[in-house]
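Quick notes on the structure that follows.
Protein chains: 2
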Amino acid sequence: MAADLKNFDTGAPEGRAVSEATLRRLPLYHRFVKELAQIGNLVVSCTQIGAALDLDSTQVRKDIEATGIVGRPRVGYGVPDLIAAIERFLGWDNATDAFLVGAGHLGAALLGYRRFEECGLKIIAAFDTDARKAGTEIHGKKILPLDKLPDLMERMKIRIAIIAVPAAAAQGVADLLVDGGVRAVWNFAPVRLALPQDVIVHNEDLYCSLAALSQKLKLAMQAEVRRQQQQQQDG
Amino acid sequence: MAADLKNFDTGAPEGRAVSEATLRRLPLYHRFVKELAQIGNLVVSCTQIGAALDLDSTQVRKDIEATGIVGRPRVGYGVPDLIAAIERFLGWDNATDAFLVGAGHLGAALLGYRRFEECGLKIIAAFDTDARKAGTEIHGKKILPLDKLPDLMERMKIRIAIIAVPAAAAQGVADLLVDGGVRAVWNFAPVRLALPQDVIVHNEDLYCSLAALSQKLKLAMQAEVRRQQQQQQDG
DNA sequence: TAGATTGTTAATCGATTAACAATC
DNA sequence: TAGATTGTTAATCGATTAACAATC
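Order-wise, the sequence lines are chains A and B.
Residues in the first sequence are numbered from 2 upward in steps of one, following our numbering.
Residues in the second sequence are numbered from 2 upward in steps of one, following our numbering.
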């Protein structure tokens, strides 16, 4: 059991907790710097990253600092070093096996994100209650009946799971996953799951995202109306 | 043109900008309170909402305050009033017609979110470059060839669009949408789009979300290893 | 009335931004 | 050297949390 976990212990000191905002920006830097690597750039500065992503360069530097990498004044960071540092910090340097539950359109879409494997997430199988789907494959990944999940989870020591089932089914799936010893859940169902405190959850609730967009659009439209009314008065 | 926009101008004073965090929590309250409405509850307090969603009741109150609703001490808020206040504040009270671009698995999944219409977003058509998809329907929504988008967008005065195409195609689609006069873009492609400043963008970048989950899992695993090593020393 | 809850103001906390020294 | 950039410390800003008066 301890041997099974040892590859998580890099011995490195970069285990500090860091703000969610920083964690969400690091993949942007990672992506941009990987593009630089492809065109052969060897170094990159925070100024450059900030300009490319329309972010303050000080913020970029603070974020990058969190990965523990040390740069060189006047030069910047080595491109391969920075890529490695971000990957190591995020835990993307060795992929964790994951199960996906729910092989509908959303589940199928998630199976199609090939880069997930480069980002520490290796989906090795998907599950669905629909017996007709069992045995088929999507994007080269096997779809299995849900009742095989408990046994397989135990045997394969799965620690991370993605829930892509309808809202009404999500809690039941979550319970199954908890029984199987899940440690982290990426939940795409629009419900708040009841889970033990030590299980990490990340909710991808599109209604919450939509709210932000909706309100901003509403404000913009109201402002536009006011502008037009002003013009009518003036004209 | 002005007449076309007038339903956005409610005349109400609830046009204040509010933090993204608040905007993302309001849909949770909305969902919970709608459930209460269904079982016939007439009033609800922040304490109750906070307990149900595992949030601080003061925070719930502050968020709800932003909607402009006035509650009654000792009682709480009227359930229908609160639902209406949240919907009005978010602009969910009258749905905006939207186009979806990209009818792959992800696009199909998004067409299946029936509740979007109750949340101010009415997807009226989807577009795809794949000629074989044109003319078909997914979840009752027509799939049209992408080259029809500019004309239709103009004619239907579409202001909001969802991008669900591969990363490489996203900027091209975005340009097309901007030409068509788009005001808000919900971008599911993992790229940062170059858009005019006055176009509202909301990026649903799963790699950014994954980073947060990955790092938390990594930290939890490291902590577990340390615990086990400690136990071995002790034992 | 007593007590729960809202509304509002103040305190705390943390993230972002600014300033500046160190370095190559 | 001059100047750009990192590393680090301080200032600012805003969100969360706490405190408390008002109210029914």
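Glycine included, C-beta positions come from ideal geometry on N, C-alpha and C.
None of these values were measured; they are calculated from a predicted model.
For residue 55(B) and residue 27(B), what's the separation of their Cα atoms in angstroms?
14 Å
Per DSSP, residue 117(B) is paired with what?
None, per the DSSP bridge assignment.
Residue-chain proximity (residue 236(B), chain A), Cβ-Cβ < 7 Å:
no
Give me the Cβ distance between residue 65(A) and residue 31(A), rounded to the nearest whole Å; I'm assuming they're in contact under 8 Å.
In fact, because the Cβ distance is near 10 Å, the residues do not count as touching under 8 Å.
Taking Cβ-Cβ distances shorter than 9 Å, what residues in chain B pair up with residue 117(A)?
207, 208 and 211
I want to verify the contact list: residues of chain B whose CB lies under 7 Å from the CB of residue 161(A), in sequence order.
218
Residue 20(A) versus 235(B), 233(B) and 210(B), residue with shortest Cα-Cα distance:
210(B)
Nearest chain A C-beta to residue 50(B) closer than 7 Å, yes or no?
no
When you compare the CB of residue 47(B) with every CB in chain A, is at least one pair closer than 7 Å?
no
Just grab the DSSP bridge partners of residue 73(A) for me.
77(A)
Which whole-angstrom value is the C-beta distance of residue 189(B) and residue 122(B), which I expect to be below 8 Å?
The Cβ separation is near 14 Å, so there is no contact.
How would you list, in chain order, the residues of chain A whose beta-carbon sits under 8 Å from the beta-carbon of residue 114(B)?
207
Return yes when the Cβ of residue 47(A) is within less than 7 Å of the Cβ of residue 208(B), no when it is not.
no
Compare the C-beta of residue 91(B) with all C-beta atoms of chain A and state if any pair is closer than 7 Å.
yes
Please report whether the beta-carbon of residue 228(A) lies at a distance below 7 Å from any beta-carbon of chain B.
no
Classify residue 218(B) as buried or exposed, calling it buried when 16 or more other Cβ atoms lie within 10 Å of its own Cβ.
buried
Would you mind working out which of 124(A), 199(A) and 29(A) sits nearest residue 53(A), comparing C-alpha positions?
29(A)
Does residue 199(B) come out as helix, strand or coil in the three-state DSSP assignment?
coil
Minimum length 3: unbroken beta strand (DSSP E) runs contained in the stretch 86 to 163 of chain B
97 to 102, 122 to 129 and 142 to 146
Looking at the C-beta of residue 150(A), does it have a partner C-beta in chain B at a distance below 7 Å?
no
If you reduce the DSSP assignment to three classes, tell me which class residue 166(A) lands in.
coil
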